[in-house]
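Colleague: The structure is given below, and queries will be raised subsequently.
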Amino acid sequence: MNLDEWAVRLRRELETEHRWRTLRPLAGSGRVVRSGSRELLCFSSNDYLGLASDPELTQAFAAGVDGSVGATASRLLCGTTPAHLEVEAALAAFVGREAALLFSSGYAANVGALPVLAQRGDLIVSDALNHASLIDGCRLSRAEVHVIPHGDLDAAHRILELERPRHRHAWLVCEGIYSMEGDASDLAGWRSIANRHDAWLYVDEAHSLGLLGPRGRGLCAAEGVHADLLIGTLGKSFGMAGAFAAGSRPVIEVLMNRARSFVFSTAPPPGFARALVRALQLVEEADDRRSRVLDHARELATGLRELDLAVGPVDGAIVPVLLGDAGAALVASSRLEEAGFLAQAVRPPTVPNGTSRLRLVPTAAHTDGDIQSLLEACGRSLVGLSE
Ligand SMILES: *Cc1c(COP(=O)(O)O)cnc(C)c1O
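In numbering that gives the first Met the number 0, the protein residues as written are 0 to 386.
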């Protein structure tokens with residue numbers, strides 16, 4: 000078969016299901032983005048604290064280059080600079096752990112760490128709404144994976160009761176705030192089940208780190224819950240890119256030796272690592288930004304519920320509006336765009352079939368007026384759209 004024919008056929012299939020995606024260039028980042036000649040208020044980024052376009056951080060980034068643009072090799076060859084070690088130490092201290100290891104993305108962190116920590120003969124209990132990188136990490140691990148309905152700790156308990164004795168080690172894998180659902184995990188509940196069944200707890204704080212907890216230290220810190228391994232990403236609240244795993248020194252040193260996405264990948268640029276140090280300082284100092292974005296999210300959720308739109312529990316900055324059908328979500332998104340807002344539809348496979356949604360994300364860069372005008376546009380554009 001001709002390869003292009005195969006690709007075109009697949010494309011048609013996806014188009015029929017409203018699942019075909021395209022890239023479009025947007026200029027500027029932050030509160031306002033430009034699409035061609037149009038300006039749109041952006042409610043689709045993960046730049047919760049508005050740091051991506053913060054003048055101090057953009058300056059630190061520009062000033063970070065010192066002699067070499069690239070790291071020139073993987074970390075274990077000759078790609079480690081003092082800046083890499085400095086940011087790792089600072090991130091570890093930030094989350095109150097002995098050590099941290101920098102990865103080039105959250106995706107790389109999860110597909111790298113999970114297969115090292117869980118292996119054939121081990122058991123993983125994983126939340127149904129875990130991020131694709133967690134799912135892929137679980138698959139690569141060769142452990143026996145049991146997926147529980149979202150947040151169903153009773154189901155986790157039952158599986159462990161049944162399966163734990165047959166397995167050498169067990170991991171529970173969850174997120175802090177769920178990326179498409181916007182709700183928080185009951186981390187204390189996860190911890191207590193882990194303790195009861197001699198299991199370890201893996202928490203991905205992509206959407207809670209920098210946003211929740213004292214000085215932005217995340218949901219584990221806010222709840223006083225110990226994660227055996229904590230993942231934080233640096234492309235969301237931190238406004239940059241990359242991620243880290245944090246834990247005890249022995250565990251992090253094993254990851255440094257064995258995580259394939261770390262070992263076999265070029266180190267993040269040294270200037271980038273330098274700017275990350277500054278990003279972390281800005282995150283720690285961002286109490287006012289944190290309260291602003293959380294206020295915005297609460298206000299948006301309340302206003303949308305008053306419009307009788309389906310909005311679940313909102314525990315962070317992510318406000319999903321459930322629309323059901325992928326086509327309806329696309330219509331909602333394009334109507335809002337006509338009204339001057341960028342609000343992307345989230346469709347399968349990112350979310351389960353029949354749960355397509357708009358994922359609205361206010362940031363600290365938005366004004367109260369921005370939230371009000373988005374609510375008004377939702378009132379005009381979305382009511383009556385869901386099934
Ligand atoms: C965004 C996200 C990731 C991936 O992080 P990147 O740095 O964007 O690769 C991992 N886990 C969760 C829960 C996420 O939301």
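Using N, Cα and C, we set each Cβ at its ideal position, and we do this for glycine too.
All of these numbers come straight from a predicted model, not from anything done at the bench.
Whose C-beta lies closer than 8 Å to the C-beta of A179 among residues of the same chain, with five residues either side of it excluded?
Modeller: Sequence check: residue 179 is Met here, not Ala. Here the set comprises L128, I317, P319, V345, T349, V350, R356 and R358.
Colleague: Given a cut-off of 8 Å, decide if L75 and V253 are closer than it, judged by their beta-carbon atoms.
Modeller: The answer is no: Cβ separation not under 8 Å.
Colleague: Mark N109 as exposed unless 16 or more other C-beta atoms lie within 10 angstroms of its C-beta, in which case mark it buried.
Modeller: Buried: at least 16 other Cβ atoms inside 10 Å.
Colleague: I'd like the span of the alpha helix (DSSP H) that includes V134, first residue to last.
Modeller: Reading the sequence as shown, one finds Ile at residue 134 and not Val. I134 -> alpha helix (DSSP H) spans A131 to S140.
Colleague: Measuring only from the beta carbon, is S132 closer than 7 Å to any heavy atom that is part of ligand 1?
Modeller: Flag set: Cβ of S132 near ligand 1.
Colleague: Look at the Cβ atom of L139, then the Cβ atom of L281, and state whether they are nearer than 8 Å.
Modeller: Result no, Cβ atoms of L139 and L281 do not sit closer than 8 Å.
Colleague: Enumerated in chain order, which unbroken segments of the alpha helix (DSSP H) with a length of 4 residues or greater are wholly contained in the region 80 to 108?
Modeller: Entirely contained in the region 80 to 108, the alpha helix (DSSP H) runs reaching 4 residues are, in chain order, 81 to 93.
Colleague: Going by DSSP, which residues form a beta bridge with L203?
Modeller: The residue you asked about is not Leu; residue 203 is Asp in the sequence shown. Beta-bridge pairing links D203 to E174 and I230.
Colleague: When you compare the CB positions of G175 and L233, do they come within less than 8 Å of one another, or not?
Modeller: No, Cβ-Cβ distance for G175 and L233 is not below 8 Å.
Colleague: For G181, which of S191, L279, G315 and P268 has the nearest alpha-carbon?
Modeller: Ranking S191, L279, G315 and P268 by Cα distance to G181 puts G315 first.
Colleague: Between R152 and N194, what straight-line distance do the alpha-carbon atoms span, to the nearest angstrom?
Modeller: The identity of residue 152 in the sequence shown is Leu, whereas the question assumes Arg. Near 13 Å, if we compare the C-alpha coordinates of N194 and L152.
Colleague: Does the beta-carbon distance from I158 to V124 come in below 8 Å?
Modeller: Cβ atoms of I158 and V124: closer than 8 Å.
Colleague: Given that a residue counts as buried once 16 or more other Cβ atoms are within 10 Å of its Cβ, and exposed if not, what is R37?
Modeller: With fewer than 16 Cβ atoms within 10 Å of its Cβ, R37 is classed as exposed.
Colleague: In the structure shown, what three-state DSSP assignment does I192 receive?
Modeller: Three-state DSSP puts I192 in a helix.
Colleague: Taking 8 Å as the cut-off, does the region 372 to 382 touch the region 331 to 347 (at least 3 CB pairs, one atom from each stretch)?
Modeller: Yes, the region 331 to 347 touches the region 372 to 382.
Colleague: Roughly how many angstroms lie between the CA atoms of L100 and T80, to the nearest whole one?
Modeller: One C-alpha to the other measures close to 13 Å.
Colleague: Taking the alpha carbon of D367 as the point to measure from, which residue in D53, E305, S332 and E298 has its own alpha carbon closest?
Modeller: Answer by Cα proximity: E298.
Colleague: Rank R119, L228 and L39 by C-alpha distance to the C-alpha of L171 and give the top, closest one.
Modeller: Nearest option by C-alpha distance: L228.
Colleague: Tell me, which residues are paired with R358 by DSSP?
Modeller: Answer is P319.
Colleague: Under 7 Å: does the beta carbon of A205 sit that close to some heavy atom of ligand 1?
Modeller: Flag set: Cβ of A205 near ligand 1.
Colleague: Enumerate in chain order the residues of its own chain whose CB-to-CB distance from A187 is below 7 Å, with the five nearest sequence positions on each side excluded.
Modeller: The answer, listed in chain order, is E222 and V224.
Colleague: With a threshold of 7 Å, establish whether the CB of S43 neighbours any heavy atom of ligand 1.
Modeller: No, Cβ of S43 sits at least 7 Å from all heavy atoms of ligand 1.
Colleague: Could you have a look at H17 and say whether DSSP puts it in helix, strand or coil?
Modeller: H17 falls in the coil class under three-state DSSP.
Colleague: Contact between the region 81 to 100 and the region 303 to 315 is defined here as three or more beta-carbon pairs at a separation below 8 Å; is this criterion met?
Modeller: No, because fewer than three Cβ pairs between the region 81 to 100 and the region 303 to 315 fall closer than 8 Å, the two stretches do not touch.
Colleague: Under 7 Å from any heavy atom of ligand 2, does the C-beta of E180 make it?
Modeller: What this structure holds is ligand 1, not ligand 2.
Colleague: I want to check one thing, is the minimum distance from the CB of N256 to the heavy atoms of ligand 1 below 7 Å?
Modeller: Flag unset: Cβ of N256 not near ligand 1.
Colleague: When you compare each of L122, P148 and G111 to L133 by their alpha carbons, which one comes out closest?
Modeller: Out of L122, P148 and G111, G111 has the C-alpha closest to the C-alpha of L133.
Colleague: Report yes if the CB atom of R248 is closer than 8 Å to the CB atom of E97, and no otherwise.
Modeller: Taking 8 Å as the Cβ cut-off, R248 and E97 qualify as a contacting pair.
Colleague: Given a threshold of 16 other Cβ atoms within 10 Å of its Cβ, counted over all protein chains shown, does A72 qualify as buried or as exposed?
Modeller: It is exposed - the Cβ of A72 has fewer than 16 other Cβ atoms within 10 Å.
Colleague: Is G212 a contact residue of ligand 1, with contact defined as CB to any heavy atom under 7 Å?
Modeller: No, since every heavy atom of ligand 1 falls outside the 7 Å radius drawn around the Cβ of G212.
Colleague: Looking at A142 and D121, is the spacing between their C-beta atoms short of 8 Å?
Modeller: Yes.
Colleague: Would the C-beta of S104 count as close to ligand 1, meaning under 7 Å from any of its heavy atoms?
Modeller: S104: yes, Cβ under 7 Å from ligand 1.
Colleague: What's the C-alpha gap between W5 and L22?
Modeller: Cα-Cα distance, rounded: 21 Å.
Colleague: Pick out whichever of S207, D286 and G246 has its Cα sitting closest to the Cα of A88.
Modeller: Here the closest residue by C-alpha is G246.
Colleague: Take the Cβ of V313 as the centre, count every other Cβ of all protein chains shown within 10 Å, and call the residue buried at 16 or more, exposed below.
Modeller: Buried, by the Cβ-count rule.
Colleague: Is the beta carbon of I230 less than 8 Å from the beta carbon of G105?
Modeller: In this structure, G105 lies closer than 8 Å to I230 by Cβ.
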